[in-house]
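Please read the structure below before turning to the comments.
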Amino acid sequence: MMKKYIFQAVLLLSLISCEDQISIKSSGQDHCLVVYCFPSPEDSIDIKISTSQSIDGKIPELNNIRMVCRINGKDVPYHFVKEEIPSSKIPIETYRLEEKVSQGDTVRIETSATGFSTVTATVSIPDNPEQPDFSLDTLFLKGDWYTQIRCLMKDPPGEDYYAIKVQGLEDDDDSLVIRTEAIETTGEPILNNYNTGNDGFNTSNDFYHNFYIFDDTGITDSQYTLHLNMPERDYIKSYKVQFFHISREFYKYMKSLNNINNNDFGNYGMSLIRPTYTNIQNGAGILGAYSMTESKWLK
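This is the structure:
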């Protein structure tokens, strides 16, 4: 259970790190509140609050934070956890709700501070994903050996969004270390996003922090087998797969990050880089929910 909590913290911090120096001009202000929260039945709910950087480069002060947090319309208490000052020099304050959530719950957050417009956001907790069936094999692909994990997942009716993450137990000389592994996506249509370009057109297909998101538009049946190919490495002793059912907001946020990171043309002024998606009204950041299940270690 502790490993699961550590993962949630790493995921949250990694997503925040790329967004804490946003500069915008909205509602007559040149700065706004930035809110990050990822409610899930798997863990406690932390809300991280910071500010965007002003157009003139100044970092606004963050004073007198006030929040109203509701689960299914009921006000829930929260408490202050800590303040951090990362390398960006923009303070981040963390608060924690004193209640947990279950699948189907609706979470709403309203936040304000002195000198800032009030920001609001709402999200619903996705249903717990059904545990997929996992199997492991090896294959020879394009001149190299790969470890392939086959993930037989069930997709219920309706519009759904998912993510998958593969962890490897690596032999690091004198210790075993858990690391997130990269998936070779060209062999899996659901994860292959070369729909408007390919390597020849200098378009990448990387997923932010190896967090592989997808929707069910490419799934025509009630179930689908994902083929997850990783280059075979002798030092990786076993694998674990984390399977996520994520909210539409979480999906759109991660997709916007992937679009920015993979926009090689934009680096040369050949196309516009789209802004990062947010569902924080009058602000920036993300309120994105998920549920998760995971496999046993696969050897």
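Quick note on numbering: our numbering labels position 19 of the sequence shown as 58, and the sequence is numbered without any gaps. Glycine included, every Cβ here is placed at the ideal spot set by N, Cα and C. It should be emphasised that the depicted structure is a prediction, and the values quoted were computed from it without experimental measurement.
For PRO120 and HIS284, I'd like the C-alpha separation in whole angstroms.
One detail in the question is off: residue 120 reads as Val in this sequence, not Pro. Cα-Cα distance, rounded: 28 Å.
Could you spell out the range, first to last residue, of the alpha helix (DSSP H) harbouring SER127?
Careful: SER127 lies outside any alpha helix (DSSP H) and carries neither H nor E.
From the DSSP output, read off the bridge partner residues of VAL107.
GLU149
Beta-carbon spacing of SER344, TYR329 below 8 Å:
Outside the displayed span of the chain (40 to 338) sits residue 344, for which this structure offers no information.
Do the CB positions of THR136 and ILE104 come within less than 8 Å of each other?
At residue 136 the sequence reads Leu, which differs from the Thr that was named. No, Cβ-Cβ distance for LEU136 and ILE104 is not below 8 Å.
Helix, strand or coil for THR288 per DSSP?
Thr is not the amino acid found at residue 288; the sequence shown has Glu there. Helix, per DSSP.
Sub-8 Å separation of THR315 and LEU296 beta-carbons
yes
Take the Cβ of GLU100 as the centre, count every other Cβ of all protein chains shown within 10 Å, and call the residue buried at 16 or more, exposed below.
exposed
Bridge-paired residues (DSSP) for ASP210
LEU215
Going by alpha carbons, who is nearest to ASP212 out of GLU288, ILE98, SER286 and ASP273?
ASP273
With DSSP as the reference, label ILE131 as helix, strand or coil.
strand
If you reduce the DSSP assignment to three classes, tell me which class GLN320 lands in.
strand
Return the CA-CA distance between ILE124 and THR90, expressed in angstroms with no decimal places.
12 Å
If I'm right that ALA323 touches VAL73 with Cβ under 8 Å, what's the distance once you round it to whole angstroms?
5 Å
Distance between beta carbons of LYS294 and ILE252, contact taken as under 8 Å
6 Å
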